[in-house]
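Residue numbers (the numbering used here): 4 to 134.
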């Protein structure tokens, strides 16, 4: 867990502060059609997990059919993916603030938001390094 903390500090100081969205987009990459992520989940766009409890609703909100997207019958546009990312990013920002408060500098918070995007609020909050 010390490695995670060191990575947070390094990423926040390695260059000019990058936005949380930039960090997520770069780390996740973009795929408009479903793929299986490293943990076995069907995923789309910028690492959006289609097993997420609200995925069906989120996919519907961007005007797509969840079953068609999940099966690979349909893909999403860049615009639809950007909308999904904005919703997930908003949740990750809120989750990171709930766990770490607002007293963290912007660069570090951006990295913590990126981590929360991947692990969820419960996941990031359960890491012993951050307790």
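Every residue gets a Cβ at the ideal spot worked out from N, C-alpha and C, and that includes glycine. Owing to the predicted nature of the structure, the values given are computational and were not obtained by experimental measurement.
Would you report the Cα separation of residue i and residue j, rounded to the nearest angstrom?
i           : j           : result
residue 47  : residue 104 : 30 angstroms
residue 24  : residue 32  : 11 angstroms
residue 118 : residue 127 : 7 angstroms
residue 27  : residue 129 : 21 angstroms
residue 116 : residue 43  : 23 angstroms
residue 15  : residue 73  : Because the pLDDT of residue 15 is 49, which lies under 50, any placement of that residue in the model is unreliable, and the question is left without a value.
residue 93  : residue 86  : 11 angstroms
residue 45  : residue 69  : 12 angstroms
residue 35  : residue 111 : 29 angstroms
residue 122 : residue 107 : 19 angstroms
residue 81  : residue 109 : 27 angstroms
residue 30  : residue 58  : 21 angstroms
residue 95  : residue 22  : 13 angstroms
How about residue i and residue j: do their beta carbons lie closer than 8 angstroms?
i          : j           : result
residue 91 : residue 56  : no
residue 20 : residue 101 : no
residue 37 : residue 75  : yes
residue 79 : residue 67  : yes
residue 40 : residue 50  : yes
residue 65 : residue 83  : yes
On the premise that residue j lies in contact with residue i, defined as a C-beta separation below 8 angstroms, what is that separation, rounded to the nearest angstrom?
i          : j          : result
residue 77 : residue 71 : 4 angstroms
Would you give the residue range spanned by the beta strand (DSSP E) that residue i belongs to?
i          : result
residue 34 : 34-39
residue 45 : 45-48
Just to confirm the assignment, what range does the alpha helix (DSSP H) spanning residue i have?
i           : result
residue 86  : 81-103
residue 110 : 109-128
residue 23  : 23-31
residue 59  : 58-64
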